[in-house]
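Take a look at the structure below.
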Amino acid sequence: MADAEDLLVAKQKLRAVHASVRKDDRVRWTIQTIPEGAEEPYVLMASFLTAPEFGKAADPMWWTWGEREITALTKAPTSGEPVKQEYF
């Protein structure tokens, strides 16, 4: 289980990821309103930044994949129409 210091490091890295994707106005959401589709890319990018602090190897592909996913998310067209849910 993570202690308070570990959680602080993780939060700092999540804020760093958010600052990185906001710096060029790619995204308009706040850190409190990260869309569900961006959650996993944020976590993977934060893992890349956090790994060395915990003595783990960081794979550069984590950052690359996160960037690519966030870019794809922001480029997806929106219709403005509510999404209808279907149950199978």
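Going by the UniProt record's numbering, the sequence shown opens with residue 1, and the numbers climb by one from there. Backbone N, C-alpha and C fix where the C-beta goes; we use that ideal spot for every residue, glycine too.
Taking contact to mean 3 or more Cβ pairs, one atom from each stretch, closer than 8 Å, check whether the stretch 33-44 and the stretch 1-9 are in contact. no
Using 8 Å as the threshold, is the C-beta distance between A15 and T71 below it? The displayed chain sequence assigns Arg, not Ala, to residue 15. In this structure, T71 does not lie closer than 8 Å to R15 by Cβ.
Leaving out five residues on either side along the sequence, give the residues of the same chain with a beta carbon under 8 Å from the beta carbon of A2. A10
Only counting runs of 4 or more residues, tell me where the alpha helix (DSSP H) segments fall wholly within the stretch 1-44, in order along the chain. 4-22
Restricting to runs no shorter than 3 residues, where is the beta strand (DSSP E) found entirely within the stretch 46-70? none
Less than 8 Å between the CB atoms is what I'm expecting for V21 and L49, so what's the real figure, rounded? The Cβ separation is near 13 Å, so there is no contact.
Excluding five sequence neighbours on each side, which residues of the same chain lie with their C-beta closer than 6 Å to the C-beta of D59? none
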